[in-house]
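Notes follow the structure.
Residue numbers (the numbering used here), protein chains in the order written: chain A, 1 to 310; chain B, 1001 to 1310.
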């Protein structure tokens, strides 16, 4: 095997270890944090059928052509039995195959949605440690998971189509706040002008939300033919420029590290507290609770009291 | 003011206190847990435009007619500026006005989606403490928040329409797992049979997921005329019967209390840990971190070490 194949295999193993929460997780993340932190993390979100995958393929190919080491993470919070991820991945592999500087990985929920966004952060950190220049994070679905994953990104693109009026309604939970660049894809379809107007009016309502000097652009693309992709690349470049000029590039990374410290500390505190003994005490208290009209506050108090004595 | 008005005003104040995390929150929840825990909590979910509100109004009116004290909580994770909740509330108030045994409350996200589902649990507990028999929890939107809020319910209804094929695709993240009863509303429209078939095939795929002896029914309604609402009420009654026979009615409440104990304990541990001193130390470490290629694991270690010394 050549060196490239070996590195890709090791990367795949490292990501799986982190995804599964294996015993080497901490050591891998520790190493990654020390050696990385400089990839441009681009989130791509939007309703199903908007053409996110096609657009992400275009962007990945363009970055790859420009000599950038590019990773694509496709996050699918679907139930395992739907199998949506597998089909999408196959199409993607075909579009980007043969490019040595592109790495593709899909992540599924495996039952725990809450855990998925944390894992996505960790996988981005691992890729960062491997020296990728660009990380494209594509999320399927509209909702909380999307917002969580957007936090893993430096910039968030929202991909819509001319018919997305209802989708905007469904997505309104925070979508206007997290989107830095709007894209109306399939722009050869009827209604594209109305959709752009609609988005612009929503953006106007939102002004002064962000402290960054950035007006969310509304771009039109036809991802299947590559039309408009240049403008998206330019907007991504401009956004990063702005972040660097505002020192936000640095502060986003610092904030990300702070959140990780909070998570590690809180997990550790919780793990130390919940000894087998305390879990036993909790079970006992719960058994007597429902008959005695107990309150969880009093049970928590009892458990925490054992800590103070010790 | 009569006694009823006074109680409703006090209830509204108590809920606001808990929603805002005011200083009396713990005392109110403590009292509620001691006096309540017996309301039937019914979650109603589904895509925008499926007719959830109309159906919830029908159900609330039917419960009210049967002499049940009924609360309706409408959870809208929308951005504040869209104002969707306000319109929906006005329609609802008209449909249910003049019923002394019905209480209506809407909850909006106010920026924090993660907090919203926790607050929804707490508001249900408060209503429980006030002795409501039925709590209907309606959630707008499709995604993580919906799944979180479903956990606050004993039973979850998913409302769809004949055209919801794409919605099922968008909602597939866990929706099949959390739904106990499926409703195809607007059943006078074209495509209702195909939709029912589609749902039944998805249900068949899912079998053996739950340990409860319950086959998810697929019911059809026309909520605007009340057609089919009787069957929904019967399914809700049967589901509760099944829960009680399986001792699940008790274990759901015990599980809910356990989760609340975990939350209180973990919040307390975190609050005790993060003294102003430790926050200062964290800020200092973060400042030196980005230049020195530090890792959050080492920073967490340093912070936790100060705890061990103390």
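Beta carbons are placed, not taken as given, at the ideal position from N, Cα and C, and that holds for glycine.
The C-beta of residue 266 of chain A comes closer than 8 Å to at least one C-beta of chain B. With 16 or more other Cβ atoms from the protein chains shown falling within 10 Å of its own Cβ, residue 1216 of chain B counts as buried. One thing to note: residue 123 of chain A has its Cβ within 8 Å of the Cβ of residue 19 of chain A. Interface residue (Cβ-Cβ distance to chain A less than 8 Å): residue 1053 of chain B is not classified as such. Annotation: residue 1297 of chain B to residue 1281 of chain B spans about 15 Å, alpha carbon to alpha carbon. One thing to note: residue 1191 of chain B has its Cβ no nearer than 8 Å to the Cβ of residue 1058 of chain B.
In the DSSP annotation of this structure, residue 1097 of chain B is not part of any alpha helix (DSSP H), being labelled neither H nor E. One thing to note: residue 1043 of chain B has its Cβ within 8 Å of the Cβ of residue 1149 of chain B. The beta carbon of residue 1158 of chain B lies closer than 6 Å to those of 1045, 1046, 1179, 1182 in the same chain, with the five residues before and after it left out. Residue environment analysis places residue 288 of chain A among the exposed positions, since fewer than 16 neighbouring C-beta atoms fall within 10 angstroms of its C-beta. Residue range 248-273 is occupied by the alpha helix (DSSP H) that includes residue 255 of chain A. Rounded to the nearest angstrom, the Cβ distance from residue 265 of chain A to residue 1300 of chain B is 5 Å, consistent with a contact under 8 Å. DSSP places residue 1163 of chain B in no beta strand (DSSP E); its state is neither H nor E. Contact annotation: in the segment 251-265 of chain A, residues whose CB is within less than 7 Å of a CB in chain B are 253, 254, 257, 258, 260, 261, 264, 265. Listed along the chain, the chain B residues whose CB falls inside 9 Å of the CB of residue 293 of chain A are 1033, 1034, 1035, 1036, 1037. As a beta-bridge residue in DSSP terms, residue 76 of chain A pairs with A:108. Pairing residue 1036 of chain B with residue 1128 of chain B gives a Cβ-Cβ distance under 8 Å.
If you look at residue 7 of chain A, you'll find it in the alpha helix (DSSP H) that goes 3-19.
Residue 185 of chain A places its beta carbon less than 8 Å from that of residue 223 of chain A. Inter-residue distance for residue 4 of chain A and residue 11 of chain A is about 11 Å (C-alpha atoms, whole angstroms). By alpha-carbon distance to residue 248 of chain A, the top candidate from A:230, A:155, A:33 is A:155. Residue 1221 of chain B and residue 1194 of chain B do not touch by the CB rule: their CB atoms are close to 17 Å apart, not below 8 Å.
Take residue 162 of chain A, set aside five residues on each side of it, and the residues of its chain with a beta-carbon closer than 6 Å to its own are 189, 191, 192, 195, in chain order.
The CB of residue 30 of chain A comes closer than 9 Å to the CB of 1295, 1296, 1297, 1298 in chain B, given here in chain order.
For the segment 276-288 of chain A, the set of residues with a beta-carbon nearer than 7 Å to any beta-carbon of chain B comprises 282, 286, in chain order.
Under DSSP, residue 1071 of chain B forms a beta bridge with B:1103, B:1135.
DSSP assignment within the segment 190-237 of chain A yields the following whole alpha helix (DSSP H) runs of 4 residues or more, N-terminal first: 192-206. If you look at residue 63 of chain A, you'll find it isn't in any beta strand (DSSP E); it sits in the alpha helix (DSSP H) that goes 52-65. Setting aside the 5 residues that flank it on each side, residue 121 of chain A is surrounded in the same chain by 152, each with a C-beta closer than 6 Å to its C-beta; the list follows chain order. Contacts with chain A at 8 Å (Cβ-Cβ) include residue 1026 of chain B. Relative to residue 1095 of chain B, the option among B:1026, B:1126, B:1055 whose CA is nearest is B:1055. Taking the C-beta atoms as reference points, residue 1270 of chain B is found nearer than 8 Å to residue 269 of chain A. Partner residues in the beta bridge of residue 184 of chain A, as assigned by DSSP, are A:160, A:220. Residue-level contact check: residue 1127 of chain B does not touch chain A, since none of the beta carbons of chain A fall below 8 Å from its beta carbon. When rounded, the separation of the alpha-carbon atoms in residue 72 of chain A and residue 135 of chain A is 6 Å. Taking the C-beta atoms as reference points, residue 203 of chain A is found no nearer than 8 Å to residue 126 of chain A.
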